[in-house]
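Comments concern the structure below.
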Amino acid sequence: MEKIKFFFIFTTIQVFSPCNGISDGHFSTFQKVAENSKIVIQNGTESFLNETVDVELQCLMKRFDSGYLVEVTELSDERFHCRFFKRNFGDVAVVSSAGSLVYNHVLPELCQDLGKEKPDGDYSIRPYDGEEIEVLCDMTRHGGGWTTIQRRFDGSVNFNKEWADYKVGFGEAAGEYWLGLEHIHRITTKYSNMMVRMEATAFDGDQAYVVFQNFFVEGEENLYKLHAGTFLEGDASNKIDWEDHDGQYFSTKDNPNDQSIHYNCANYIKGGGWLNSCASYNFNGLYKNSAIDNVDSIFWKSLKYRTSLKSVSISIKRKE
Numbered sequence: 001m002e003k004i005k006f007f008f009i010f011t012t013i014q015v016f017s018p019c020n021g022i023s024d025g026h027f028s029t030f031q032k033v034a035e036n037s038k039i040v041i042q043n044g045t046e047s048f049l050n051e052t053v054d055v056e057l058q059c060l061m062k063r064f065d066s067g068y069l070v071e072v073t074e075l076s077d078e079r080f081h082c083r084f085f086k087r088n089f090g091d092v093a094v095v096s097s098a099g100s101l102v103y104n105h106v107l108p109e110l111c112q113d114l115g116k117e118k119p120d121g122d123y124s125i126r127p128y129d130g131e132e133i134e135v136l137c138d139m140t141r142h143g144g145g146w147t148t149i150q151r152r153f154d155g156s157v158n159f160n161k162e163w164a165d166y167k168v169g170f171g172e173a174a175g176e177y178w179l180g181l182e183h184i185h186r187i188t189t190k191y192s193n194m195m196v197r198m199e200a201t202a203f204d205g206d207q208a209y210v211v212f213q214n215f216f217v218e219g220e221e222n223l224y225k226l227h228a229g230t231f232l233e234g235d236a237s238n239k240i241d242w243e244d245h246d247g248q249y250f251s252t253k254d255n256p257n258d259q260s261i262h263y264n265c266a267n268y269i270k271g272g273g274w275l276n277s278c279a280s281y282n283f284n285g286l287y288k289n290s291a292i293d294n295v296d297s298i299f300w301k302s303l304k305y306r307t308s309l310k311s312v313s314i315s316i317k318r319k320e
């Protein structure tokens, strides 16, 4: 059987799957693999799915949770055979028939790389050389293209967790979640100018948001120290609370690094964060189902002081 050689930069194709049994709608990007290049598709890997379809494009309308390769072989004018392979950059090993085309399913680095016409929703991204990450992408507000790193709206996920949990992340993109300090560090230090957006909605409907530029988080060796950046846009009256936490180390109930001489702040406010003594905002506190004045609730002092908020989120985006 002839081996087909390929590389990963050739022709880019974007496909929208309106309904495929997994999602109500999802955009996928593929690169058509070219022949006569450096990497060889070799013998030794079994496909995880095989299908025969009437239209070639149907082979590219599947959605899976990870990156993959698609081999498309024309059987006749109206019949095509699709073979799907899990992709492993360190060991590409796919048996490919002579005359077939191979497509590489490409993951965006961040939500803004999806393109401006994409809807809000859950997407897989690969922001650096590492695992794929499932995130919520806000594609419509404040210019779109925002990658959500924290989200609260119903109390379904406990955020009163320990250091190890905050490091790797918890929850799911479809609901409440924390992306993970290590991911946040690696993403925000990869690019020269990251923006961060904080948003909140109160139970009475009042809303606030701020956007800062030059935001980044140091690595674990420096306790994920926060560099809040400089105010760019939003509600200027609310910016001071984020600025108040600039330069702080991340704290959790089992690893307090705050500036308080009286409290373990993370334990006191029931959530991890970049805490000083203790917090001017608490997006990771306990979720309350109504507006309650309590130090351990989700609050933003300049918005509603310590009255619990209905929903909050933190998102990031490259400034271009």
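Sequential numbering from 1 applies to the sequence shown in UniProt numbering. Idealized CB from N, CA, C, for every residue including glycine.
Have a look at the options and flag the residue whose alpha-carbon is nearest the alpha-carbon of residue i.
i: Ile298; options: Ser100, Arg83, Ile187 and Phe153; result: Phe153
i: Thr201; options: Asp77, Glu78, Val55 and Ser311; result: Ser311
i: Trp146; options: Leu179, Gly169, Glu71 and Val196; result: Val196
i: Arg151; options: Asp296, Ile133 and Ala174; result: Ala174
i: Leu223; options: Asp235, Tyr209 and Asp258; result: Asp258
i: Asp77; options: Val70, Leu226 and Glu56; result: Glu56
i: Ile316; options: Met61, Ile184 and Leu107; result: Ile184
i: Ile240; options: Pro119, Asp165, Ala228 and Asp254; result: Ala228
i: Glu162; options: Trp242, Arg79 and Phe250; result: Phe250
i: Ser47; options: Asp54, Val72 and Val53; result: Val72
i: Gly234; options: Gln207, Asn255 and Glu220; result: Gln207
i: Leu181; options: Ser192, Asn193, Met194 and Ala164; result: Ala164
i: Met194; options: Lys270, Gln58, Ile149 and Lys118; result: Ile149
i: His142; options: Glu109, Val210 and Arg186; result: Val210
i: Met198; options: Gly169, Ile314 and Gly144; result: Ile314
i: Lys319; options: Trp300, Tyr103, Leu110 and Tyr263; result: Leu110
i: Asn214; options: Ile187, Glu221, Tyr68 and Gly205; result: Ile187
i: Arg79; options: Leu69, Cys59, Val70 and Tyr68; result: Cys59
i: Val168; options: Asn238, Asp54, Gly219 and Ser237; result: Gly219
i: Asp254; options: Tyr166, Arg126, Tyr68 and Thr52; result: Tyr166
i: Phe238; options: Phe170, Tyr305, Tyr68 and Thr52; result: The identity of residue 238 in the sequence shown is Asn, whereas the question assumes Phe. Answer by Cα proximity: Tyr305.
i: Leu226; options: Trp274, Gly205, Ala236 and Pro256; result: Trp274
Can you give the beta carbon distance from residue i to residue j, rounded, assuming they're within the 8 angstroms contact cut?
i: Tyr128; j: Val157; result: Actually they are not in contact, since the Cβ atoms of Tyr128 and Val157 sit about 25 angstroms apart, beyond 8 angstroms.
i: Asp244; j: Asn276; result: 7 angstroms
i: Phe216; j: Phe231; result: Not really, about 16 angstroms apart at Cβ, beyond 8 angstroms.
i: Asn284; j: Phe159; result: 4 angstroms
i: Leu136; j: Asp122; result: 6 angstroms
i: Glu132; j: Leu107; result: 6 angstroms
i: Phe203; j: Ala266; result: The Cβ separation is near 25 angstroms, so there is no contact.
i: Thr140; j: Asp113; result: No, Thr140 and Asp113 are not in contact; Cβ-Cβ is about 16 angstroms, not under 8 angstroms.
i: Ile269; j: Asp296; result: 5 angstroms
i: Arg83; j: Asn50; result: 5 angstroms
i: Glu117; j: Ser124; result: That belief does not hold up - the Cβ atoms of Glu117 and Ser124 are roughly 18 angstroms apart, past 8 angstroms.
i: Trp300; j: Leu309; result: 6 angstroms
i: Tyr191; j: Trp242; result: Contact doesn't hold; Cβ gap of about 19 angstroms is too wide.
According to DSSP, is residue i part of a helix, a strand, or is it coil?
i: Ile269; result: helix
i: Lys319; result: coil
i: Leu303; result: helix
i: Ala236; result: helix
i: Asn294; result: coil
i: Leu226; result: strand
i: Leu49; result: strand
i: Glu172; result: coil
i: Leu275; result: coil
i: Leu309; result: coil
i: Glu74; result: strand
i: Glu218; result: coil
Taking the alpha helix (DSSP H) that residue i belongs to, which residues open and close that run?
i: Leu181; result: Leu181 to Lys190
i: Glu243; result: Lys239 to Glu243
Looking at the unbroken beta strand (DSSP E) that takes in residue i, where does it start and where does it end?
i: Ala164; result: Premise fails: Ala164 lies in the alpha helix (DSSP H), Trp163 to Val168, not in any beta strand (DSSP E).
i: Val157; result: Segment: none, Val157 is in no beta strand (DSSP E) and carries neither H nor E.
i: Asp284; result: The sequence shown places Asn at residue 284, rather than the Asp named in the question. No beta strand (DSSP E) contains Asn284, which DSSP labels as neither H nor E.
i: Tyr209; result: Gln207 to Gln213
i: Thr252; result: Counting along the chain, Thr252 falls outside any beta strand (DSSP E), and DSSP gives it neither H nor E.
i: Ala200; result: Met194 to Thr201
Restricting to runs no shorter than 3 residues, where is the beta strand (DSSP E) found entirely within the region 82-152? 101-106, 121-125, 133-138 and 146-152
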